Every structure is written in structure tokens, then in C-alpha cells.
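In the working numbering, the protein residues as written are 467 to 572.
Ideal Cβ placement from N, Cα and C applies to all residues, glycine included.
Remember, predicted model here, so these are calculated numbers, not experimental data.
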């Protein structure tokens, strides 16, 4: 039996909702996904002010998918260059958005 690698999703947050701007968000929720379900949620804070640098930080943390509302062209380009998935245009509660994303992937 082969073991599947856990996935990691990142969502920029303000309180419990998806932050309007990826590059302006000072907090992210990192979701570890196992067997299509949320295993853990870790909140991180940072002081990076550029979307591209945030992408690099998230990639270093093992993130392979980003869910957000608005994102700049440079950050979007870096996400694609790093082989990460992007799902933008999302609004509302971050946990619910991740659950919705996961149910659509089934």
C-alpha cells in the first residue's frame, strides 16, 4: 500500500474570514490535508509586505495550494512558476472555503 503525501493549503485571513488582499494579509491559516480532510490548522503571522516574497515563504513551508480573494499579477506568476495551485475570487469564512474546495476535489 502506498502512502499518500499530505497536502498543505494556505489562506490569507483577517479574523476568521479570507483577507481581501493576498499581499496585504499579515496572517495566514495553513491547513494540512490528509485523505481529503482537514487534519490540522496552524495560524502564522509575518511581516513580509510583498506578495512575491509571501509566495516564497509559503513554498518553503510546504504549501502547494493557495486560496484567496484578490492577488497581484507577480504573486500569481510566482505561484504558477513554483507549481502551486491558485484558487482566487473566494470570500467568506476561511475554514468553510477550504471545506468547499476539498468537497469539489472529490
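Beta carbon of residue i nearer than 8 Å to that of residue j
i, j, result
"residue 514", "residue 563", "no"
"residue 472", "residue 499", "yes"
"residue 517", "residue 474", "no"
C-alpha gap between residue i and residue j, whole angstroms
i, j, result
"residue 485", "residue 554", "11 Å"
"residue 482", "residue 559", "6 Å"
"residue 552", "residue 571", "14 Å"
"residue 561", "residue 476", "11 Å"
"residue 501", "residue 567", "14 Å"
According to DSSP, residues forming a beta bridge with residue i
i, result
"residue 488", "BP columns for residue 488 are empty, so no partner."
"residue 509", "495"
Of the listed residues the options, nearest to residue i (C-alpha basis)
i, options, result
"residue 549", "521, 567, 557", "521"
"residue 531", "523, 490, 545", "545"
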